[in-house]
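Residue numbers (the working numbering): 1 to 434. Okay, so here's the structure we're looking at.
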């Protein structure tokens, strides 16, 4: 009865109310995060007798799968989502396809996304293969497990793909390791963080960046309201990923220090989901101070529009406090753009002093409880040095372009679908030979 109530009443009600709750709570992410943690604990803590209903998986690591199941992967995740997790699950499909590994895709819709991405569309309701690859973060796993049931996990080797942005992983989420036999991490930073506390193996597994989408003639600078005669710095971020971590306010300050009101320089901040974070969005506009050379656009773009925007910028800047991986940075580098980035966290797998303009930092404690626990550490980038790096790129465009080309060479080598797919196939073969 409890399971029926969750699946048929509570979950639809939760999805319906979530956008309104975010607007009402505004910047009080402590309450919102507490609600998410409470939900996870509730689902994970259901009586073990409910396992017999086939609605909740065992809270222990599953034994080695049924040997009769065919080699291949059942890939689950938010395939339509514009968020990083959506891009990550699509990345796995690209890699598996490039390596000729059999797979099916099991879509799990993210109600907080607009879900316009259409790269992967052929969804399957069954998971026939020996391995489940579940691209859902730790806080969503209990909900997925409740909806899919015990039989989705049983008889398979279950791999979780998690993203985390700090060097320490919160103890309150430890119980969600229990759904999996191993985890895959997209960066050394994530692998190090999870490995310190994980009771199961954490394997580094590369991502496969999206192929360049042809840019139509209708997409030019005027489409994005960018003057043709400006040198453009770009930053792309999601308000749902925490404004304090993404640090656009720090970027605005560094831009002002570098250029003041220089007329031929332009800062373009491209965000999504700002409508659900009205206080943060307002603080961003206040920081911009009405400067005509700073533009803030909050909208969900198609893949073609995102690629076009990156194409029309001159330099990508990310003064993040921490990143699990850093998709927008890697995608800007793939386009050959010079990047100015904080020299910390997941992006350091592919950014270095030879292919990027790195910004030094000091580690600092998180001062407010929110989506990330108070007293954990992240980076505070040196805004004066960031301003100097941006100024250098602006004044030394040929040298910056050369470094941008080295960055392109780096990410094309590291995140090629064939490279990622080969690594996945090797690991899957090893798993199935155990």
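Virtual Cβ for every residue (Gly too), placed ideally from N, Cα, C.
- Contact between residue 264 and residue 239 fails: their C-beta atoms lie close to 29 Å from each other, not under 8 Å.
- Contact check for residue 303 and residue 210: beta-carbon distance about 7 Å, within the 8 Å limit, so the pair qualifies.
- When the alpha-carbon of residue 364 is set against those of 357, 381, 353, 348, the nearest one is in 381.
- Straight through space, the alpha carbons of residue 134 and residue 75 are spaced by roughly 6 Å.
- Bounds of the beta strand (DSSP E) holding residue 339 are 339-342.
- Annotation for residue 204: the continuous beta strand (DSSP E) segment containing it runs 202-204.
- Straight-line measurement puts the Cα of residue 305 at about 31 Å from the Cα of residue 423.
- Annotation for residue 182: the continuous beta strand (DSSP E) segment containing it runs 182-185.
- Under DSSP, residue 160 shares a beta bridge with 134, 183.
- Excluding sequence positions up to five before and after residue 354, its CB lies within less than 8 Å of the CB of 403, 406, all in the same chain and listed in chain order.
- Residue 432 is not bridged by DSSP to any residue.
- In the DSSP assignment, the residues bridged to residue 381 are 361.
- Assignment of residue 207 by DSSP, reduced to helix, strand and coil, places it in the coil class.
- DSSP lists 270 as the bridge partner or partners of residue 297.
- Counting only runs of at least 4 residues, the segment 222-295 fully encloses the following alpha helix (DSSP H) elements, listed from N- to C-terminal order: 243-246, 248-259, 278-288.
- Where residue 316 is concerned, the enclosing beta strand (DSSP E) starts and stops at 315-318.
- Comparing C-alpha distances from residue 372 to each of 126, 289, 165 shows the shortest one belongs to 165.
- Residue 189 carries a helical assignment under DSSP once its states are collapsed to helix, strand and coil.
- Between residue 346 and residue 169, the beta carbon gap of about 14 Å keeps them out of contact (Cβ cut-off 8 Å).
- The segment 291-300 makes no contact with the segment 317-336, as fewer than three CB pairs between them are under 8 Å.
- If you check the CB distance, residue 152 and residue 131 do not come in under 8 Å.
- Taking C-beta atoms as the reference points, residue 419 and residue 313 fail to come closer than 8 Å.
- Counted as a single uninterrupted DSSP element, the stretch harbouring residue 152 is not any beta strand (DSSP E) but the alpha helix (DSSP H) occupying residues 150-153.
- In this structure, the CA atom of residue 115 is about 8 Å from the CA atom of residue 79.
- By the neighbour-count definition (other C-beta atoms within 10 Å, threshold 16), residue 292 is an exposed residue.
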